[in-house]
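Protein chains: 2
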Amino acid sequence: MTDVLHSFTLADMVRQQARVLPGTTAIVDGDDRYTFADMDRAANRWANWLAARSVGLGDRVAWHGPGDVRTLHLLFAAAKLGAALVPLNVRNTAEETARALETAAPALVLSTTPLDGAIDADAQAPAVRAAPADEPAIDPDDERPVLGVFTGAFSGRPKLALLTHRGIVTQSLVTAAYRLIEPGATRYLASGPMFHVGVHLKLLANYLFGGLSVLAPHPDAAALCRLIERERVTSALLFTPSIDQMIQANADRRHDLSSLRDVPAQPSDPSDGAWYEMTSCLRASGPTGYGQTETYAMVSFEARGPSGTGAFGRPSPVAAVGVARPGGIESAPGEPGEITVRGPQIMAGYLGEPVGIRHRTGDLGVFHPDGTLDFVGPVQEVIKTGMENVYPAEVEIALRRHPAVAEACVIGIPDPQWGSSVRAVVEAGAECTADELIEHTRRHIASYKKPRSVIFVAKLPRNAAGQVDRGAVHQKWGS
Amino acid sequence: MTDVLHSFTLADMVRQQARVLPGTTAIVDGDDRYTFADMDRAANRWANWLAARSVGLGDRVAWHGPGDVRTLHLLFAAAKLGAALVPLNVRNTAEETARALETAAPALVLSTTPLDGAIDADAQAPAVRAAPADEPAIDPDDERPVLGVFTGAFSGRPKLALLTHRGIVTQSLVTAAYRLIEPGATRYLASGPMFHVGVHLKLLANYLFGGLSVLAPHPDAAALCRLIERERVTSALLFTPSIDQMIQANADRRHDLSSLRDVPAQPSDPSDGAWYEMTSCLRASGPTGYGQTETYAMVSFEARGPSGTGAFGRPSPVAAVGVARPGGIESAPGEPGEITVRGPQIMAGYLGEPVGIRHRTGDLGVFHPDGTLDFVGPVQEVIKTGMENVYPAEVEIALRRHPAVAEACVIGIPDPQWGSSVRAVVEAGAECTADELIEHTRRHIASYKKPRSVIFVAKLPRNAAGQVDRGAVHQKWGS
């Protein structure tokens with residue numbers, strides 16, 4: 003662990019921003035505006051409220067509620083106590099939430115909806131407002147976890163990636179160096195869910211550099227348009243479905259969206275000029291880098307050098323990226339292997355599972371001789387549908403719980419709106435319908451993970467070892 | 003100490019740049035050009051040469067020679083061994099060099115001029131070229147020292163500030179975030195001496211981000227003009243005397259200096275338009291931030307927010323800056339105190355002297371209510387003359403060694419060309435001349451530290467405790 007002298011934590015960030023830019027607006031949440039000084043005071047009140055409930059160094063606090071300003075207050079409060087915040091996915095089923103809580107083992111759970119063992123967050127508002135605003139007298143070092151994010155259900159069971167102060171601060175600096183935020187000038191619309199690092203990345207970098215961020219916990223297209231106009235938003239985490247809806251909602255150009263110039267996606271019909279007329283966005287190009295939750299977003303950047311063979315740019319200036327053969331030996335240039343990373347941005351580990359000398363990403367990549375990187379696909383598969391990652395293993399486990407399912411293989415098929423959609427290829431041992439199976443999975447896992455289509459087959463293709471041959475399933479039913 | 007998984011060292015930087023931008027020119031040294039791959043190989047050869055001479059983890063290597071490419075090869079070689087490079091000031095007297103070596107206690111000394119106990123660097127060139135270019139099998143963590151710089155002779159004896167991998171990498175990211183270098187686009191002329199962090203800051207940041215740097219170990223005005231033109235230099239560490247000489251040398255506009263746009267100083271006559279016509283520099287404004295060797299350059303930035311009361315900007319996003327009363331308690335806003343800093347950029351310590359929970363800078367500052375910072379002056383005095391820091395205590399000690407000097411007080415007086423110049427106010431116990439005293443100090447300390455003027459007084463003003471009253475000396479003879 004780093005000593006405190008050489009640490010710079012999110013607690014330091016929150017405290018120092020309050021001192022350095024006390025009257026500057028940091029966060030807009032609906033009609034509420036918070037200066038950096040307000041945020042610091044609120045974080046202290048929450049920290050003292052949590053400390054009075056015995057939350058302390060090394061603990062986790064779970065948040066089961068909307069991605070409003072309380073998520074940030076709690077994150078900063080946890081930071082000040084040397085604890086970590088775990089924002090839960092509110093789209094989870096009760097069963098998934100129970101499993102997530104079992105995995106996260108939090109010292110305290112706050113929820114805005116009824117949840118076993120949780121404290122009612124709304125009911126506590128007066129108590130938190132009445133808590134002292136003094137700075138807690140704890141100085142955690144910066145290699146501690148401060149944010150826990152569920153990820154990588156390769157095994158069919160989500161793991162909790164514990165991200166550190168140092169990782170978040172380092173990636174924030176890189177984010178500013180590559181102008182993904184403009185120090186002090188970005189006005190960021192954080193419209194995505196707070197249990198994704200994608201939202202935290204720019205939100206926290208923007209906070210560190212003194213910019214304004216706008217939270218939109220319950221976004222609809224008209225509300226997003228109003229917020230962008232009112233707050234002169236320059237950067238927003240929007241995806242194709244939202245963009246399409248905003249084009250519709252603003253068809254009469256009633257909202258001035260001309261301040262918006264940085265959005266990672268494009269309309270479903272890229273040739274439609276409306277989006278580029280109503281905003282200052284330039285037509286989005288290909289992928290701009292490679293990253294994952296465990297590395298707190300990107301560890302390669304297109305902007306890192308002249309374009310070359312690989313579509314995912316070159317490794318970040320502060321990530322030692324490698325590509326390795328199964329035994330751990332470096333692959334030759336041009337030869338695919340598992341992407342591995344060392345660097346300050348790497349998570350402390352999954353809860354209960356420290357990382358080795360290098361982080362193995364679980365993703366296949368190629369390092370080309372010109373120094374560029376390609377992301378080939380997961381070593382084990384993940385289906386990216388909209389903003390969500392669906393892990394086939396997890397859906398397969400749910401399917402196998404149905405008495406009629408003998409074996410199942412879940413794959414992603416191309417989908418014009420969502421990127422991919424979930425398809426189940428099923429060996430049935432008894433009669434059942436696609437709708438029955440979809441409804442069955444829906445009861446066990448989040449709705450967005452359920453198969454959109456089910457194909458019944460007499461026998462799934464298998465390899466010599468008797469395991470389902472996923473490649474063959476892809477080839478036959480993958481489009 | 004950070005674990006290796008979460009480290010990113012200068013060794014990682016050198017290795018990864020060779021992989022990511024193998025054919026890109028990294029360093030130009032006179033007529034020699036080195037790609038990132040060349041630099042990595044040369045660093046490995048030096049590392050293996052050093053390792054064969056038993057240099058290893060935790061050692062120091064002293065370099066007594068010009069600031070040419072070998073300084074970087076040795077720095078990177080030291081990085082790869084977990085050792086630190088100590089570049090010595092070649093303007094030192096033999097006595098000062100001996101004292102510096104006594105302080106630094108290096109495992110090995112390389113020199114290009116005859117020096118007791120040193121290895122002749124020039125004579126070793128063939129042996130180094132013949133050393134293996136394999137990567138040394140050492141992975142140091144990034145909180146180790148990698149660069150030792152002499153500083154802060156408050157006590158009259160220089161101390162060795164040990165700067166870490168993590169500190170240098172973090173400050174490099176901040177340097178890019180605030181566009182002191184432009185990632186991958188800056189072409190930097192490193193014309194200053196390599197025993198100053200001022201030169202290393204942009205040189206190493208530019209290396210990390212893939213830019214080109216030009217070394218000019220023996221600069222004269224005409225040579226600088228030629229280099230700027232030939233290499234299309236965009237940024238240079240030039241000070242007023244060099245700028246004045248370059249204006250002269252390029253009076254006939256024979257050199258196209260239009261690529262140059264970023265220089266920290268201005269001509270001695272700021273109203274002279276010639277410099278701004280021959281370059282693309284904008285007229286330099288006031289100070290852009292506060293920093294020191296111990297913090298590896300700047301920990302406050304003008305660009306950090308809107309301008310306010312203080313002239314030194316606001317604390318860096320990753321430095322927890324405070325201002326404290328003598329007892330260590332935080333000063334009130336607006337109240338002067340000693341500037342203290344916590345953060346990853348802080349040195350590991352002076353050799354043999356670890357830092358406490360906060361680094362005390364030895365500088366007086368004020369934190370204004372609007373979050374801006376002012377640098378008031380040293381807690382103990384330093385005279386900034388050109389690029390050099392002269393510590394009065396050191397000059398006073400030298401003066402007192404002269405038999406005719408009863409007491410001496412050394413102060414800085416304003417100097418149009420050098421910022422300040424050194425003045426000695428002397429109580430003589432016997433007859434002597436100013437020239438005699440200047441020549442005497444010249445024999446004991448570097449020439450730039452010698453008094454430019456000597457004033458003889460019957461009695462120096464003293465305080466109640468009988469100590470020389472420096473304030474009164476300043477008031478009476480300080481201009």
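These protein sequences, in sequence, are chains D and H.
All letters in the first sequence, in the order written, are residues 3 to 481 by the working numbering.
All letters in the second sequence, in the order written, are residues 3 to 481 by the working numbering.
By construction, the Cβ of each residue, glycine as well, lies at the ideal position given by its N, Cα and C atoms.
Bear in mind that the values here come from a model prediction, so they are computed numbers and not experimental data.
Contact annotation: S113 (chain D) and A106 (chain D) have beta-carbon atoms that are not nearer than 8 Å. Inter-segment contact for the segment 367-375 of chain H and the segment 349-359 of chain H is absent: fewer than three beta-carbon pairs are separated by less than 8 Å. Beta-bridge partners assigned by DSSP to Q294 (chain D): D:A299. In the three-state reduction of the DSSP assignment, Y450 (chain D) falls in the helix class.
The segment 366-437 of chain D is shown to contain whole alpha helix (DSSP H) runs of 4 or more residues at 394-402, in chain order. Approximately 14 Å separates the beta-carbon atoms of L214 (chain H) and S193 (chain H); this is outside 8 Å, ruling out the contact. For K451 (chain D), the closest of D:E337, D:G388 and D:S9 by C-alpha to C-alpha distance is D:G388.
Contact holds between the segment 77-85 of chain D and the segment 8-24 of chain D, because three or more Cβ pairs, one in each stretch, are under 8 Å apart.
At a beta-carbon threshold of 7 Å, the residues of chain H lying near Y180 (chain D) are P185, ordered along the chain. In terms of Cα proximity to S9 (chain D), the closest of D:N46, D:R146 and D:I29 is D:R146. Within the same chain, and ignoring the five residues on either side of V171 (chain D) in sequence, the residues whose Cβ sits closer than 8 Å to its Cβ are F10, T11, L12, M15, D144 and L210. Scanning chain H for C-beta atoms nearer than 7 Å to the C-beta of I359 (chain D) yields V6 and L7, reported in chain order.
Judged by their CB atoms, V459 (chain D) and V427 (chain D) are nearer to each other than the 8 Å cut-off.
The beta carbon of P405 (chain D) sits closer than 7 Å to those of A432, all from its chain and outside the five residues before and after it, given in chain order. The C-beta distance from F38 (chain D) to A28 (chain D) rounds to 5 Å, short enough to fall under 8 Å. Just measuring C-alpha positions, the residue of D:G60, D:Y393, D:I447 and D:N50 sitting nearest A135 (chain D) is D:N50.
For I341 (chain H), the enclosing beta strand (DSSP E) starts and ends at G339 to R344. Residue-level contact by beta carbon fails for P147 (chain D) and chain H, as no gap is shorter than 8 Å. When secondary structure is reduced to three states using DSSP, S113 (chain H) falls in the strand class. Boundaries for P147 (chain D): no alpha helix (DSSP H) harbours it, while the beta strand (DSSP E) harbouring it runs P147 to T153, taken from the DSSP string. Segment contact: the segment 56-63 of chain D against the segment 85-102 of chain D, three or more CB-CB distances shorter than 8 Å; contact assigned. Proximity of chain D to P142 (chain H) at the Cβ level (cut-off 7 Å) is not reached, the minimal Cβ distance being about 12 Å. Bounds of any beta strand (DSSP E) do not take in K82 (chain D); it lies within the alpha helix (DSSP H) bounded by V71 to L83. One Cα belongs to T290 (chain H), the other to A238 (chain D), and the distance between them is close to 31 Å. Scanning chain D for C-beta atoms nearer than 8 Å to the C-beta of A305 (chain H) yields P185 and G186, reported in chain order. In summary, Q419 (chain D) is exposed, with fewer than 16 beta-carbon neighbours lying within 10 Å of its beta-carbon over all protein chains present.
For F458 (chain H), the enclosing beta strand (DSSP E) has its first and last residue at S455 to V459.
Within the same chain, Cβ atoms closer than 7 Å to the Cβ of N252 (chain H) are found at C227, L259 and M280, the five residues on either side in sequence being excluded. Looking at H:S309, H:A133 and H:Y292, the one whose alpha-carbon comes closest to that of V323 (chain H) is H:Y292.
Close partners of I348 (chain D) in chain H (Cβ separation under 9 Å): L7 and H8. No Cβ-Cβ contact shorter than 8 Å links A163 (chain H) with E340 (chain H).
Using a CB distance below 9 Å, the part of the segment 151-176 of chain H facing chain D consists of T166, R168, G169, V171, T172, S174, L175 and V176, ordered along the chain. Taking a 10 Å sphere around the C-beta of T435 (chain H), we find fewer than 16 other C-beta atoms and assign the residue as exposed.
Counting along the chain, T311 (chain H) sits inside no beta strand (DSSP E), nor does DSSP assign it H or E at all. Note that the segment 332-348 of chain D does not touch the segment 388-403 of chain D; fewer than 3 beta-carbon pairs, one per stretch, sit closer than 8 Å. Shown in chain order are the members of the segment 12-29 of chain D whose Cβ falls below 7 Å from a Cβ of chain H: D14, Q18, R21, V22, L23 and P24.
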